[in-house]
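**Q**
In the working numbering, the protein residues as written are 1053 to 1220.
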């Protein structure tokens, strides 16, 4: 799944150069298609998730996923990097895939924490050199919720999304 995704991304990007808006949209779909944004968002909000209404959860996941999707296109050259698949460990409906990416001659370990739901594997976290994507969001989001509440977090995320949209 991940190897096919990487091959498709590299084929679409080519070895160098700019990409069209159509290619950017296709890349955004390919790059983020493996991410389970609901599960990632649930983990990022931690204990606060259970207190949210279904509408609040859906709204959060929608805004959070759109921000992540836009951020994934900020440096397309990273997706041209060489990737080796080092290890795959499966335990029931969970799996961990460890890769090494060589970018600007610097090796970076990238681990995908996968969850199988409905027969499909999706990423619930991506760990770069032992730094969890979910962990970073979790610290930030939970601090805001503790200090100012969920509505404040959503206001901040919506402002961030508006800013991202106006830049693109």
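We put the beta carbon where it would ideally sit given N, CA and C, even for glycine.
#1: Once you ignore the five residues that flank residue 1115 on each side, which residues in its own chain have a CB closer than 8 Å to its CB?
#2: Opposite residue 1161 in the DSSP bridges: which residues?
#3: For residue 1196, report the span of its alpha helix (DSSP H) as first-last.
#4: Thinking residue 1176 and residue 1088 are a contact (beta carbons under 8 Å), I'd like their distance in whole angstroms, please.
#5: Locate the alpha helix (DSSP H) running through residue 1082, then write down its first and last residues.
#6: Under three-state DSSP, which class holds residue 1215?
#7: Spatial neighbours of residue 1082 within its chain, please: CB distance less than 8 Å, with the 5 preceding and 5 following residues excluded, ordered by chain position.
#8: Identify every residue that forms a DSSP beta bridge with residue 1175.
#9: Report the rounded CA-to-CA distance for residue 1170 versus residue 1143, giving the unit in angstroms.
#10: Just to check my reading of the structure: residue 1174 and residue 1162 have Cβ atoms closer than 8 Å, yes? What is that Cβ distance to the nearest angstrom?
#11: With C-beta atoms as the reference, is residue 1103 less than 9 Å away from residue 1193?
#12: With DSSP as the reference, please indicate the residues paired to residue 1061 in a beta bridge.
#13: Below 7 Å CB to CB, which residues in the same chain sit around residue 1092 once its five sequence neighbours on both sides are set aside?
#14: How long is the line joining the alpha carbons of residue 1119 and residue 1216, rounded to whole angstroms?
#15: Please work out which residues of its chain come closer than 6 Å, Cβ to Cβ, to residue 1153, disregarding the five sequence neighbours upstream and downstream, and give them in chain order.
#16: Buried or exposed: residue 1180, going by 16 or more other Cβ atoms within 10 Å of its Cβ?
#17: Whole angstroms is fine: what's the gap from residue 1164's alpha carbon to residue 1204's?
#18: Count the other CB atoms, across all protein chains shown, that sit within 10 Å of the CB of residue 1197; report buried if there are 16 or more and exposed otherwise.
**A** Short version:
#1: Here residue 1115 corresponds to residue number 63 of the chain shown, with the count starting at 1. Excluding sequence neighbours, residue 1115 sits near 1206, 1209, 1210 and 1213.
#2: Within the chain shown, residue 1161 is the residue found at index 109, counting from 1. Answer by DSSP bridge pairing, in chain order: 1152.
#3: The residue given as residue 1196 occupies position 144 in the chain shown. In the DSSP annotation of this structure, the continuous segment of the alpha helix (DSSP H) that includes residue 1196 starts and ends at 1185–1200.
#4: As a first step, residue 1176 must be located in the chain shown, where it is residue number 124. As a first step, residue 1088 must be located in the chain shown, where it is residue number 36. Indeed, because the Cβ distance is near 5 Å, the residues count as touching under 8 Å.
#5: Start at 1 with the first residue of the chain shown, and residue 1082 comes out as number 30. Note, residue 1082: alpha helix (DSSP H), 1073–1084.
#6: Within the chain shown, the letter at position 163 stands for residue 1215. Correct three-state label for residue 1215: helix.
#7: Locating residue 1082 in the chain shown gives position 30, where the first residue counts as 1. Taking C-beta separations shorter than 8 Å and ignoring five residues to either side along the sequence, the partners of residue 1082 in its chain run 1057, 1060, 1061 and 1064, following chain order.
#8: As a first step, residue 1175 is located in the chain shown; it is residue number 123 there, counting from the start. Partner(s): 1087 and 1166.
#9: The residue you call residue 1170 lines up with position 118 of the chain shown. The residue you call residue 1143 lines up with position 91 of the chain shown. Residue 1170 and residue 1143: Cα-Cα distance of roughly 16 Å.
#10: If you number the chain shown from 1, residue 1174 lands on position 122. If you number the chain shown from 1, residue 1162 lands on position 110. Between residue 1162 and residue 1174 the Cβ distance is about 16 Å, and since that is not below 8 Å, they are no contact.
#11: Position 51 of the chain shown, counted from the first residue, corresponds to residue 1103. Position 141 of the chain shown, counted from the first residue, corresponds to residue 1193. Contact: no.
#12: Counting from 1 along the chain shown, the entry for residue 1061 is found at position 9. Checking the DSSP bridge columns, you'll see residue 1061 has no partner listed.
#13: For the purposes of this step, residue 1092 is taken as residue 40 along the chain shown, with counting starting at 1. Here the set comprises 1176, 1177 and 1186.
#14: Numbered from its first residue, the chain shown carries residue 1119 at position 67. Numbered from its first residue, the chain shown carries residue 1216 at position 164. Taking the straight line from one Cα to the other gives about 8 Å.
#15: In the chain shown, counting from the first residue as 1, residue 1153 sits at position 101. Excluding sequence positions up to five before and after residue 1153, its CB lies within less than 6 Å of the CB of 1133, 1135, 1160 and 1162, all in the same chain and listed in chain order.
#16: What you label residue 1180 is simply residue 128 of the chain shown in a count that begins at 1. By the 16-neighbour rule on beta-carbons within 10 angstroms, residue 1180 is exposed.
#17: Locating residue 1164 in the chain shown gives position 112, counting from the first residue. Locating residue 1204 in the chain shown gives position 152, counting from the first residue. Cα-Cα distance, rounded: 30 Å.
#18: Translated into the one-based positions of the chain shown, residue 1197 becomes position 145. Buried, by the Cβ-count rule.
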